[in-house]
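S.K.: Below are the structure tokens for one structure; questions will follow.
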């Protein structure tokens, strides 16, 4: 039987010990490193904590509340891998699942909008323009009914299912959800800007959909009675599907095409003339009676699910195909 580490053992943090981290001994060293200001030091300490039995496991569970999404996500992934989880651990994992699972989106630049040659594209998707995007976090899935109810205490959805996306959500309620979730977690959650949304959807691609030139109902939930490009007719499910039912993009994001329209922060503009090029939401000018929707939904035609497609809708009316997902910046604490 392997011996438990002693308090005098050095906690080195694996092969990638940050140069600024303080190498200390035993469980006390782990505790001190979990208080370090550097995310990478705290993240590294989580791996070492698992060498210290129940006391170390308790530290990992506590780190689910870390102000850093990077650290709390790492704690969650480590806890999921634990064999024979205790009741306490199961409860901690289930509570964490009520929060949106966030994916790190690396920064970069991309060409936003659709070229005139893209089939069934619209003038309001132009002119194409280059946008610089800072790193951020985005919900792996649209906000689910379970997550929405946990924060808001209600579920406006027509198609019930804890793991189905919440729908029937007006823009103002989506904003309220972000505010309440931020207050509860001490992390800043927001609606994505249009630019963030399209950058995340494309995940480095330039085609109409992140999986290529056309779309099928094996890849997304939309009205399969209609086709796009060389695609074939498919299924019209006539309702939402549980999140994560279809393949993700290269960033690990699900349901970016179809299932539900997703609210963005931006005011609606008829085209991209004068649009920001830094990834921020476009809040000046335009039609303030409308906010932007992205992604298409279960009941729309396939070309409305393209990466570049955008739609303006009144923010105070909910519908059974309107939902949202959240983002959080890298500097993300209250």
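Residue numbers (our numbering): 2 to 335. No residue lacks a Cβ here, since even glycine has one placed at the ideal position from N, Cα and C. Treat the numbers as computed from the prediction; the structure is a model and nothing was measured.
1. Around the Cβ of residue 295, are there at least 16 other Cβ atoms within 10 angstroms (buried) or fewer (exposed)?
2. Have a look at the DSSP bridge pairing and note the partners of residue 166.
3. Going by DSSP, which residues form a beta bridge with residue 134?
4. May I have the straight-line CA-CA distance separating residue 316 from residue 65, to the nearest angstrom?
5. Suppose contacts are defined by Cβ-Cβ distances below 8 Å. Is residue 162 in contact with residue 243 by that definition?
6. Taking only three categories from DSSP, how would you classify residue 68?
7. Please say whether residue 306 and residue 211 have beta carbons closer to each other than 8 Å?
8. Quick check for students: name the residue ranges of the beta strand (DSSP E) that lie wholly in the segment 236-308, counting only runs of 3 or more.
9. If you count every other CB in all the chains shown that lies within 10 Å of the CB of residue 284, and 16 or more means buried, which is it?
10. Compute the distance between the beta-carbons of residue 142 and residue 245, then report whether it is under 8 Å.
11. For residue 87, does the three-state DSSP call read helix, strand or coil?
12. Return the chain-ordered list of same chain residues with a C-beta closer than 6 Å to the C-beta of residue 69, the five sequence neighbours on each side being excluded.
13. I believe residue 292 touches residue 327 by the beta-carbon criterion, under 8 Å. Please report the beta-carbon distance rounded to the nearest angstrom.
14. For residue 168 versus residue 261, is the C-beta distance shorter than 8 Å?
15. Which stretch, first to last residue, makes up the alpha helix (DSSP H) that contains residue 57?
16. Tell me whether the beta-carbon of residue 154 lies closer than 8 Å to the beta-carbon of residue 134.
17. Among the candidates 215, 111, 324, 323, whose CA atom is the shortest distance from the CA of residue 205?
18. Taking C-beta to C-beta, are residue 302 and residue 224 nearer than 8 Å?
19. Check the C-beta distance from residue 329 over to residue 103 and give it rounded, since I have them as a contact under 8 Å.
20. Check for me: the beta strand (DSSP E) holding residue 311 runs from which residue to which?
21. Less than 8 Å between the C-beta atoms of residue 51 and residue 58, yes or no?
22. I need the boundaries of the alpha helix (DSSP H) containing residue 195, first residue and last residue.
23. In chain order, what residues of the same chain lie with their CB nearer than 7 Å to the CB of residue 318, ignoring the 5 residues before and after it?
24. Give the straight-line distance between the Cα atoms of residue 74 and residue 313, rounded to the nearest whole angstrom.
25. DSSP three-state call for residue 178: helix, strand or coil?
26. Can you check which of these residues, 164, 152, 189, 185, is closest to residue 174 by C-alpha distance?
M.R.: Looking at the atomic coordinates:
1. Taking the first residue of the chain shown as position 1, residue 295 is located at position 294. When all chains shown are included, residue 295 counts as buried.
2. Mapped onto the chain shown, residue 166 falls at position 165. Answer is 145, bridged to residue 166.
3. In the chain shown, the residue the question calls residue 134 occupies position 133. Bridge partners of residue 134: 109.
4. The sequence position of residue 316 within the chain shown is 315, counting from 1. The sequence position of residue 65 within the chain shown is 64, counting from 1. So the alpha carbons of these two residues sit roughly 34 Å apart.
5. Indexing the chain shown from 1 puts residue 162 at position 161. Indexing the chain shown from 1 puts residue 243 at position 242. In this structure, residue 162 places its C-beta atom within 8 Å of the C-beta atom of residue 243.
6. Position 67 of the chain shown, counting from 1, holds the residue named residue 68. Coil, per DSSP.
7. Position 210 of the chain shown, counted from the first residue, corresponds to residue 211. Position 305 of the chain shown, counted from the first residue, corresponds to residue 306. Cβ distance not < 8 Å, so residue 211 and residue 306 don't count as in contact.
8. 262-269, 288-295
9. Counted from its first residue, the chain shown places residue 284 at position 283. The residue is exposed, with fewer than 16 neighbouring Cβ atoms inside 10 Å.
10. The residue labelled residue 142 in the question sits at position 141 within the chain shown. The residue labelled residue 245 in the question sits at position 244 within the chain shown. In this structure, residue 245 lies closer than 8 Å to residue 142 by Cβ.
11. For this step, residue 87 is matched to residue 86 along the chain shown. Coil, per DSSP.
12. Counted from its first residue, the chain shown places residue 69 at position 68. Closer than 6 Å at Cβ, skipping near neighbours: 40.
13. One-based indexing of the chain shown puts residue 292 at position 291. One-based indexing of the chain shown puts residue 327 at position 326. Their Cβ separation, rounded to whole angstroms, is 15 Å, which puts residue 292 and residue 327 out of contact at 8 Å.
14. For the purposes of this step, residue 168 is taken as the residue at position 167 of the chain shown. For the purposes of this step, residue 261 is taken as the residue at position 260 of the chain shown. Yes, the pair counts as a contact, with Cβ atoms nearer than the cut-off.
15. In the chain shown, counting from the first residue as 1, residue 57 sits at position 56. Start and end: 54-63.
16. Your numbering for residue 154 matches position 153 in the chain shown. Your numbering for residue 134 matches position 133 in the chain shown. Going by C-beta atoms, residue 154 is not nearer than 8 Å to residue 134.
17. As a first step, residue 205 must be located in the chain shown, where it is residue number 204. Per the Cα distances, 111.
18. Here residue 302 is taken as the residue at index 301 of the chain shown, counted from 1. Here residue 224 is taken as the residue at index 223 of the chain shown, counted from 1. Closer than 8 Å, so yes.
19. Mapped onto the chain shown, residue 329 falls at position 328. Mapped onto the chain shown, residue 103 falls at position 102. Between residue 103 and residue 329 the Cβ distance is about 6 Å, and since that is below 8 Å, they are a contact.
20. The residue you call residue 311 lines up with position 310 of the chain shown. 311-314 is the span of the beta strand (DSSP E), which, as asked, contains residue 311.
21. One-based indexing of the chain shown puts residue 51 at position 50. One-based indexing of the chain shown puts residue 58 at position 57. Yes, Cβ-Cβ distance for residue 51 and residue 58 is below 8 Å.
22. The residue labelled residue 195 in the question sits at position 194 within the chain shown. From DSSP, the alpha helix (DSSP H) with residue 195 extends over 195-203.
23. As a first step, residue 318 must be located in the chain shown, where it is residue number 317. Same-chain partners within the cutoff: 171.
24. Here residue 74 refers to the residue found at position 73 when the chain shown is read from its first residue. Here residue 313 refers to the residue found at position 312 when the chain shown is read from its first residue. Answer to the nearest angstrom: the Cα atoms are 34 Å apart.
25. Position 177 of the chain shown holds residue 178. Correct three-state label for residue 178: helix.
26. Locating residue 174 in the chain shown gives position 173, where the first residue counts as 1. Checking every option, the nearest Cα to that of residue 174 belongs to 152.
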